[in-house]
Amino acid sequence: MKQLSGLDAAFLYMETPSTVGHVSSLSIYERPSASYEPFAEWHRQVARRVHLLEPLTRRPVSVPFGLDHPFWVEDPHFHLDFHLRHTALPKPGTDEQLADVVARIIARPIDRAHPLWESHVIEGLPGDRFAILTKVHHATIDGASGAELLALMLDASPDGDAIDAPPPRDPAPRLPNDIELLAHAVASIARKPGRLLVLSARTLRELGRATRNPLLLAAGNQLRASLHGPLGAVLNLGRQRPAERDEPPLALPSLRAPRTPFNASITPQRSFAFRSTSLDTVKAVKNALGATVNDVVMAMCAGGLRTYLAAHDALPDDPLVAMVPVSIRTGAETEKWTNRVSGIIANLPTNEADPLLRVQKVHDSMMTAKGIFDALPADALTDFAQFSPPAVFTRASRMATRFQVANRFTAPVNLVVSNVPGPRETLYSAGARLLHYYPVSAIGESQGLNITVQSYRNTLDFGLVSCPALVPDLWTLADAIVDDLDALARASGLDVSALQPA
Numbered sequence: 015m016k017q018l019s020g021l022d023a024a025f026l027y028m029e030t031p032s033t034v035g036h037v038s039s040l041s042i043y044e045r046p047s048a049s050y051e052p053f054a055e056w057h058r059q060v061a062r063r064v065h066l067l068e069p070l071t072r073r074p075v076s077v078p079f080g081l082d083h084p085f086w087v088e089d090p091h092f093h094l095d096f097h098l099r100h101t102a103l104p105k106p107g108t109d110e111q112l113a114d115v116v117a118r119i120i121a122r123p124i125d126r127a128h129p130l131w132e133s134h135v136i137e138g139l140p141g142d143r144f145a146i147l148t149k150v151h152h153a154t155i156d157g158a159s160g161a162e163l164l165a166l167m168l169d170a171s172p173d174g175d176a177i178d179a180p181p182p183r184d185p186a187p188r189l190p191n192d193i194e195l196l197a198h199a200v201a202s203i204a205r206k207p208g209r210l211l212v213l214s215a216r217t218l219r220e221l222g223r224a225t226r227n228p229l230l231l232a233a234g235n236q237l238r239a240s241l242h243g244p245l246g247a248v249l250n251l252g253r254q255r256p257a258e259r260d261e262p263p264l265a266l267p268s269l270r271a272p273r274t275p276f277n278a279s280i281t282p283q284r285s286f287a288f289r290s291t292s293l294d295t296v297k298a299v300k301n302a303l304g305a306t307v308n309d310v311v312m313a314m315c316a317g318g319l320r321t322y323l324a325a326h327d328a329l330p331d332d333p334l335v336a337m338v339p340v341s342i343r344t345g346a347e348t349e350k351w352t353n354r355v356s357g358i359i360a361n362l363p364t365n366e367a368d369p370l371l372r373v374q375k376v377h378d379s380m381m382t383a384k385g386i387f388d389a390l391p392a393d394a395l396t397d398f399a400q401f402s403p404p405a406v407f408t409r410a411s412r413m414a415t416r417f418q419v420a421n422r423f424t425a426p427v428n429l430v431v432s433n434v435p436g437p438r439e440t441l442y443s444a445g446a447r448l449l450h451y452y453p454v455s456a457i458g459e460s461q462g463l464n465i466t467v468q469s470y471r472n473t474l475d476f477g478l479v480s481c482p483a484l485v486p487d488l489w490t491l492a493d494a495i496v497d498d499l500d501a502l503a504r505a506s507g508l509d510v511s512a513l514q515p516a
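Taken in order, the sequence shown gives residues 15 to 516; the numbers are from this note's numbering.
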């Protein structure tokens with residue numbers, strides 16, 4: 015039995031009638047033969063390795079009265095058939111039909127009485143192709159661990175990988191009773207005041223050092239000084255204190271998100287659109303401009319959003335503000351199936367007409383944001399989620415939805431833009447070759463648009479999720495983002511016709 019971290023649990027608490035906490039992926043495969051049965055083969059593929067994938071067999075159990083964060087336990091009633099689903103598109107099986115099916119599936123919450131995942135095999139695509147949509151709750155994985163989960167579920171060759179036999183399983187796993195849960199919760203709660211004190215001292219000092227704020231720095235130093243001696247020895251038992259740092263300060267930017275049509279209260283419905291473009295073209299642009307792949311991707315998003323918002327007479331004078339997820343994994347974690355993710359806040363220069371200047375402004379904004387991120391204790395700030403009372407967090411999320419807070423106040427950020435590096439090698443599922451891997455992320459109250467990009471081989475796959483009441487023409491936006499790469503290539507002096515298409 016393992017307790018969820020505060021950040022993991024937050025993705026459970028955030029769920030409301032209009033907000034879900036899972037993330038998904040849409041993978042497209044090529045049938046190896048006319049007689050190939052996608053659902054039967056996928057069932058065998060997962061069954062062979064389910065013992066290697068802890069998130070697939072564990073489920074959450076809540077502490078009575080919401081006194082502490084839930085616990086993961088092995089599901090005594092786990093059955094693979096509950097999690098694998100089978101459906102098909104009507105003819106002609108277009109991208110839009112596939113996206114509609116995906117949108118309906120991701121709008122539904124995952125049943126918490128079972129392990130928090132589903133996998134839907136979708137047939138009926140043209141060209142001897144089929145799709146697999148997999149939903150996994152964000153309480154279980156982040157982007158980095160999700161990529162590892164994908165690698166473990168698939169094969170590196172069409173002949174399949176060798177899989178070790180499963181170890182003997184507990185013949186009679188059971189769910190803990192309320193008394194056992196309360197006992198674990200009481201022990202955890204008893205340790206929290208000391209852990210919170212240590213964490214607060216570290217955070218105040220790091221914030222003061224990064225911002226050169228004498229009040230914060232003095233408060234942190236005073237609190238830290240009080241932790242020396244016997245009390246400090248107890249609170250830091252088993253914990254190595256970090257070395258002192260003396261770094262130049264960074265000025266915190268003043269970011270204010272302008273109002274857009276997708277910054278409002280969301281409905282329970284979802285829209286999904288997907289597009290692909292050439293990673294080689296993106297690399298050619300970034301080499302020509304001396305930028306990074308992420309700079310070009312962010313500039314594409316800025317250019318596409320500029321075109322879309324201008325067409326709707328809704329382009330703000332100020333740049334949009336994006337939250338960009340950042341992994342804080344160090345490789346030293348003992349628990350990989352958990353969230354170790356933070357985020358940086360950066361300007362998205364939608365107010366810049368020149369595509370080359372957009373790349374430069376994205377680069378400058380990201381460099382500033384990364385400098386601030388590196389100066390602040392991101393892991394410590396994330397760990398503060400451990401101390402949020404579950405009942406209060408859940409109630410706050412539901413009240414924000416009920417009273418439509420997003421319609422009354424300006425959102426701190428406009429949207430989430432995420433760029434996830436994916437595998438460069440070809441992957442297979444029971445002999446079927448993986449062609450595309452489209453990310454399908456989540457939206458939240460006041461942020462009705464999410465753009466996530468995943469690289470696979472020489473392709474960038476874009477997945478856009480929105481609330482259809484706020485972004486009714488999501489495909490138009492997806493096309494505008496991908497088309498902006500051509501504009502960037504031409505402005506960079508590249509021969510677009512000579513570049514390899516996606």
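Don't be surprised by glycine CBs; every beta carbon is placed ideally from N, CA and C.
- Counting along the chain, the unbroken alpha helix (DSSP H) around I119 starts and ends at D109 to I120.
- For H91, there is no enclosing beta strand (DSSP E), as DSSP gives it neither H nor E.
- Between the alpha carbons of R58 and A145 lies a distance of about 16 angstroms.
- Here the C-alpha atom of A492 lies approximately 17 angstroms from the C-alpha atom of T295.
- The beta-carbon separation of W131 and L70, rounded to 6 angstroms, stays under the 8 angstroms limit for a contact.
- If you compare the alpha carbons of P369, E137 and R99 with that of D498, the shortest gap goes to P369.
- Comparing alpha carbon positions, the residue from R143, A278, E194 and A287 closest to L429 is A278.
- With respect to the 7 angstroms criterion, G107 and G138 are classified as neighbours on the basis of their beta carbons.
- A check of alpha carbon separations from A383 across A367, L371, L362 and E366 identifies L362 as the nearest.
- At a cut-off of 3 residues, the continuous stretches assigned as beta strand (DSSP E) that sit fully inside the region 432-472 are 446-454 and 463-470.
- The DSSP-derived three-state label of V510 is helix.
- The closest CA to that of L448, considering only E459, V454, G436 and G458, is found on G436.
- When the beta-carbon positions are compared, I280 and R143 stay at least 7 angstroms from each other.
- Note: N361 is bridge-paired with V335 in the DSSP secondary-structure output.
- Secondary structure note for A102: its beta strand (DSSP E) is the uninterrupted segment L98 to A102.
- When the beta-carbon positions are compared, T33 and G458 come within less than 7 angstroms of each other.
- Collapsing the DSSP output to three states places Q283 in coil.
- In this structure, DSSP gives G138 an extended state, which the three-state scheme calls strand.
- The residue from E349, L81 and M380 with its alpha-carbon nearest to that of G357 is M380.
- Beta bridge pairing from DSSP links K149 with S38 and E132.
- Residues of the same chain with a CB within less than 6 angstroms of the CB of W489, apart from the 5 flanking positions on each side, are A287 in chain order.
- In the three-state scheme derived from DSSP, where H, G and I count as helix and E and B as strand, P180 is classed as coil.
- Annotation for V467: V311, N433, L474 and F476 place their beta carbon closer than 6 angstroms to its own, counting only its chain and skipping 5 residues before and after.
- Note: D475 is bridge-paired with S290 and Q468 in the DSSP secondary-structure output.
- By the criterion of a C-beta distance shorter than 6 angstroms, F276 is surrounded in its chain by G462, L463, L484 and V485, once the five residues flanking it on both sides are discounted.
- For E366, the three-state secondary structure derived from DSSP is coil.
- Around the beta carbon of R273, fewer than 16 other beta carbons sit within 10 angstroms, so the residue counts as exposed.
- Among the bridge pairs identified by DSSP, V355 is matched with S341.
- Excluding five sequence positions before and after S469, the CB atoms of its chain that fall closer than 7 angstroms to its own CB belong to L293, P435 and G436, given in chain order.
- Q17 has F85 as its beta-bridge partners, per DSSP.
- In the DSSP assignment, P74 falls within the unbroken beta strand (DSSP E) covering R72 to V75.
- Pairing P172 with G445 gives a Cβ-Cβ distance under 7 angstroms.
- Cβ neighbours of R99 within its own chain (closer than 6 angstroms, five residues either side excluded): H134.
- As computed with DSSP, E44 is found in a beta bridge with R143 and R447.
- Counting along the chain, the unbroken alpha helix (DSSP H) around G157 starts and ends at G157 to M167.
- A direct Cα-to-Cα measurement between I120 and H151 gives close to 11 angstroms.
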